[in-house]
Amino acid sequence: MVDKEKLVKLKSLMEAGADAADVDAIPVVWDFFVDLANE
1 MVDKEKLVKL KSLMEAGADA ADVDAIPVVW DFFVDLANE
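Per full-length UniProt numbering, the sequence shown runs over residues 1 to 39.
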C-alpha cells in the first residue's frame, strides 16, 4: 500500500515542477499512483 501523504506531496511536486509540455502527462501519472494506492 502506498502512503497517501507521500502521494499528495508527489502530486504537489509534479504540479510545481511541470513544464507546460509535461502538464498533460500529470493526470496519467497521477492515476497510476492512485491505482497503486487503492490496491
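Just so it is clear, CB atoms sit at the ideal spot from N, CA and C, and this is done for glycine as well.
What are the boundary residues of the alpha helix (DSSP H) that residue i is part of?
i, result
"D3", "Taken as a continuous stretch (DSSP letters only), D3 belongs to no alpha helix (DSSP H), as it is neither H nor E."
"A37", "26–38"
Can you tell me whether DSSP reads residue i as helix, strand or coil?
i, result
"E15", "helix"
Less than 8 Å between the CB atoms is what I'm expecting for residue i and residue j, so what's the real figure, rounded?
i, j, result
"V2", "A37", "4 Å"
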